[in-house]
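If you're matching them up, the sequences are chains A and B in order. Taking our numbering, the leading residue of the first sequence gets 36, the next gets one more, and so forth. Taking our numbering, the leading residue of the second sequence gets 990, the next gets one more, and so forth. For glycine and all other residues, C-beta sits at the position ideal for the given N, C-alpha and C. The structure presented is a predicted model; accordingly, all values stated were derived computationally and were not measured. Step one of this worksheet: look at the structure below.
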Amino acid sequence: MTTTAPADPTRAAAPVTRHRPSRPPRRSSAHSFYRTMTGSAALLWAAIVAVPLYWVMITSLRERADFLTSSPLSLPENSTLANYRTVLGGGFGTYLFNSVVVTAVTVVITVTVSLMAAFVIARNSSRWARWYFRLFLLGLAIPLQAVIIPVYLLIIRMQLYDSLLAIILPSAAFAIPITVMILVSFLRDVPDSLFEAMQMDGAGEWKQLFNLALPLTRPAIVTVVVYNGLQVWNGFLFPLILTQSNEQAVLPLALTLFRGQFGIDVPATMAAVVLSTLPILILFIVARRQLIAGLTAGFSK
Amino acid sequence: MTVPRTSYQDARAWRRRSAGAAMAAPALLLFGLFGVVPLLGVMVLSFADWDGLGEPGWAGQANWAAVLTDPGTWDALALTIKVMVVSWLVQTPIALALGLFQAATGRLRAMLAILWFLPLLLSAVAIGLAWQALLDPTFGLGATPGLGWLARPLLGDPDLALYTVIFVIAWQFIPFHALLYQAGIRQIPVSLYEAAAIDGASRTDRFWRITLPQLRYTIVTSTTLMLVGSLTYFDLIFVLSGGTGGPGTATRVLPLAMYITGFQAHDMGRASAIATILVLTGLALSLVTTKWSGFTRMNSQQEGS
């Protein structure tokens, strides 16, 4: 994402209008009309976003009886952590562990192989390298859903069905195209002279990769780690199709299990929703900028 | 180069190439095995007779004949296109407005932008479960004084369910597109607005004559992602409809039809034919948007976005 100097239409115009006191009052009222409109639209959307999130939070703290009788948006009379205890006692630890393993291993595999691939693409102009890159660009257009049946067949044949590896390998494979694309666009900005200088010193390809490409692309790597981490953490289709037993369930799948298990116990289900989101929320607080950059990387250049 | 190559240079070139091949191989293997092979595999499997458990056999044309004559397939395709079009119509103006709002600086704007970014962090499953409970006619939002008009079976009524699903999809993905627009708006040179202000252009003029034309690539990117992404809405609809694409078949879009045919009715051959239709639709859509925009940087695949 290349952000240039912020060009803010309202602020850009402000100094000019300030120096023109003779400006017709009609425009001033139009101006404030716009401000009111966009302002209230923004507040309305904020409410549409905030109310459900608020509801999830307070409902997860509500007693079951209270949930059935009180007004949905009122604060709970006796807030309780019992729902969280129910969820934590319902195998949440296993699901959390599975999600952490799947996400971490997938991200490490994806970023490692993609960085190597991006290095080859950025440092070579041969016909092979161009076709290699084109393959990944094509891969960007393959929807996960459309190829799930052959992937399912492959996983069964590889005897990986109902294992964490069954989620990890396809998730990593489908994360490669976008990761390669982001890393290539970043590596192409590294001046050739830096690599040539290293070559002069007798450094081989691997040394250039680890001692030059890796440190220089660190911001891009943080971006792709965060982006892929979020995608894999929230991924649902691969776990749904490629695993079966509760022991191998990751969090999004576990949420649907909780729902089946708790039935109409909505407060417990909402506690599970909150708990499954907590790690991402912490990541958001720690690395908001990288997360936002990651989400739009490759799309807003 | 006229300098004669020495064996030392040859050896170095060879080392360089072999290192390159070793670096290129893992990504190629992994993506080839789980990306390219399945893409071809789904077309082969669409001619196979397979229940998902035993050995795949040969079915010839049977799957295609069955899928193409099944009105359910065409309903699913029509629903998919409806979701696509309505989603675009709903999401684009709101995302553009929010992008305009959050592109300007200011503490309140920044705080609101953070707030409405939050849905992007949640999994589609979490969002689906939350909205399902939230829209429950008895215990959901409709029980709040003043919000009684929400106390109707928004997900249970075949006439309303699709629009409810489209709303929840919008709730999840508008922030992403607002971010795209924000980034696009911030890249518009300030000088354009200054010049327009000197010429006395009104705010409306500035929007239509500067902001919108300058955003054309962002609009194309956002539109492409929305259209291609809408082919893949699965997680959210799966959860909201309890895995059925219901009520009835009211929300059974192509990916759900494929899932239900393959993994619930155990007819992987037919499901692969539906998946092939999905691939072809996606491809056609990519070609159309590319052609329409003269825009070659196709980037999609990102689930739903």
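For this session: Examine chain A for any beta-carbon lying closer than 8 Å to the beta-carbon of B:S996, and answer yes or no.
Result: Output row for B:S996: interface = no.
Exercise. By the criterion of Cβ-Cβ separation under 9 Å, what are the contact partners of B:G1030 in chain A?
Worked result: Correct list: V182, I184, P185, V186, L188 and L189.
Exercise. Going by DSSP, what residues sit across from B:W1047 in a beta bridge?
Worked result: Answer is B:A1037.
Exercise. Which residues, in chain order, does the region 195-214 of chain A contribute to contact with chain C at a C-beta distance below 8 Å?
Worked result: The question asks about chain C, but that chain is absent: this structure's protein chains are A and B.
Exercise. Which first and last residues belong to the alpha helix (DSSP H) in which B:P1164 is found?
Worked result: Annotation for B:P1164: the continuous alpha helix (DSSP H) segment containing it runs A1150 to R1175.
Exercise. With C-beta atoms as the reference, is B:A1092 less than 8 Å away from B:I1199?
Worked result: Not a contact, by the Cβ cut-off of 8 Å.
For this session: Would you please verify whether the beta carbon of B:D999 is less than 8 Å from any beta carbon of chain A?
Result: Using beta-carbon distances, B:D999 does not count as an interface residue toward chain A, since no partner is under 8 Å.
Problem set entry | Where the region 104-119 of chain A meets chain B: residues whose CB sits under 8 Å from a CB there | Taken in chain order, the members of the region 104-119 of chain A whose beta-carbon sits within less than 8 Å of a beta-carbon on chain B are S106, P107 and L108.
For this session: State buried or exposed for B:G1135, treating a residue as buried only when at least 16 other CB atoms are found within 10 Å of its CB.
Result: In this structure B:G1135 is exposed. Its beta-carbon is surrounded by fewer than 16 other beta-carbon atoms within 10 angstroms.
For this session: Determine the chain B residues that contact A:T129 at a beta-carbon separation under 7 Å, and present them in chain order.
Result: Proximity of chain B to A:T129 at the Cβ level (cut-off 7 Å) is not reached, the minimal Cβ distance being about 17 Å.
Exercise. Along the chain, which unbroken stretches of the alpha helix (DSSP H) at least 4 residues long are found entirely within the region 82-147 of chain A?
Worked result: Here the runs fully enclosed are 99-104 and 117-122.
Exercise. Terminal residues of the continuous alpha helix (DSSP H) containing A:R253?
Worked result: For A:R253, the uninterrupted alpha helix (DSSP H) segment begins and ends at R253 to N269.
Exercise. Which parts of the region 1067-1131 of chain B are runs of the alpha helix (DSSP H), unbroken and 4 residues or longer, counting only runs that do not cross its ends?
Worked result: Runs of the alpha helix (DSSP H) inside the region 1067-1131 of chain B: 1096-1106 and 1113-1123.
Exercise. Mind checking whether B:A1048 and B:D1038 have CB atoms under 8 Å apart?
Worked result: In contact: B:A1048 and B:D1038 (Cβ atoms closer than 8 Å).
For this session: Below 6 Å CB to CB, which residues in the same chain sit around B:I1116 once its five sequence neighbours on both sides are set aside?
Result: Closer than 6 Å at Cβ, skipping near neighbours: Q1161.
Exercise. In chain order, what residues of the same chain have a beta carbon less than 7 Å from the beta carbon of A:N269, not counting five sequence neighbours either side?
Worked result: Within the same chain, P287 come within 7 Å of A:N269 by CB-CB distance, once the 5 residues on both sides are set aside.
Problem set entry | chain B within 8 Å of A:L179, Cβ atoms only | At least one chain B Cβ lies under 8 Å of A:L179.
Exercise. Shorter than 8 Å from the beta carbon of B:W1160 to some beta carbon of chain A?
Worked result: Taking Cβ atoms only, chain A reaches closer than 8 Å to B:W1160, which makes this a yes.
Exercise. B:L1201 to B:G1041, Cα distance in whole Å?
Worked result: Their backbone Cα atoms lie some 50 Å apart in a straight line.
For this session: Answer yes if the region 273-291 of chain A comes into contact with the region 1127-1141 of chain B, meaning at least three C-beta pairs across the two stretches below 8 Å, and no otherwise.
Result: Touching, no.
Exercise. Apart from the five residues just before and just after A:L265, which ones in its own chain have a Cβ nearer than 6 Å to its Cβ?
Worked result: Apart from the 5 residues on each side of it in sequence, A:L265 has no Cβ closer than 6 Å to any other Cβ in its chain.
Exercise. By DSSP, does B:A1016 sit in helix, in strand, or in coil?
Worked result: B:A1016: helix per DSSP, three-state reduction.
For this session: Assign A:P178 to one of three DSSP states: helix, strand, or coil.
Result: A:P178: coil per DSSP, three-state reduction.
For this session: Measure the Cβ-Cβ separation of B:L1168 and A:T312 and say whether it is below 8 Å.
Result: It is not a contact, given that the beta carbons lie outside the stated cut-off.
Exercise. Which class does A:A76 belong to by DSSP, given the choice of helix, strand or coil?
Worked result: Helix at A:A76.
For this session: Output, in chain order, the set of chain B residues within a Cβ distance shorter than 8 Å of A:P287.
Result: Per Cβ cutoff of 8 Å: S1112, A1113, V1114, A1115 and D1224.
For this session: State the Cα-Cα distance for the pair B:T1259 and B:T1250, rounded to the nearest angstrom.
Result: The sequence shown places Arg at residue 1259 of chain B, not Thr. Each residue's alpha carbon lies about 7 Å from the other.
Exercise. Quick one: is A:M36 near chain B, going by C-beta distance under 8 Å?
Worked result: Only weak support is given to the placement of A:M36: the predicted model assigns it a pLDDT of 38, under 50, and the value that follows is read from those uncertain coordinates. Answer yes: the Cβ-Cβ gap between A:M36 and chain B drops below 8 Å somewhere.
Problem set entry | Inter-residue Cα distance where the pair is B:G1248 and B:D1125 | The amino acid at residue 1248 of chain B is misidentified as Gly; the sequence shows Tyr. Their backbone Cα atoms lie some 26 Å apart in a straight line.
For this session: Alpha carbon to alpha carbon, how far is B:G1234 from B:L1245? Give it in angstroms, no decimals.
Result: Cα-Cα distance, rounded: 6 Å.
Exercise. How is the alpha helix (DSSP H) around A:Q234 delimited, first residue to last?
Worked result: First-last of the alpha helix (DSSP H) with A:Q234: D227 to M235.
Exercise. What span of residues does the alpha helix (DSSP H) with B:F1223 cover, start to end?
Worked result: No alpha helix (DSSP H) contains B:F1223, which DSSP labels as neither H nor E.
For this session: Using a Cβ-Cβ cut-off of 8 Å, state whether A:Y89 counts as contacting chain B.
Result: Nearest CB-CB separation between A:Y89 and chain B: not below the 8 Å threshold.
Exercise. Looking only at its own chain, which residues have a Cβ that is under 6 Å from the Cβ of A:A306, when we skip the five neighbours before and after it?
Worked result: Correct list, in chain order: S95, N118, Y119 and V122.
Exercise. Who are the neighbours of A:G174 on chain B, taking C-beta pairs under 8 Å?
Worked result: Against chain B, a Cβ distance below 8 Å from A:G174 picks out F1020, G1024, V1025 and Q1290.
For this session: Kindly list, in the order they appear in chain B, the residues whose Cβ is closer than 7 Å to that of A:T312.
Result: L1110, L1111 and A1115, listed in chain order.
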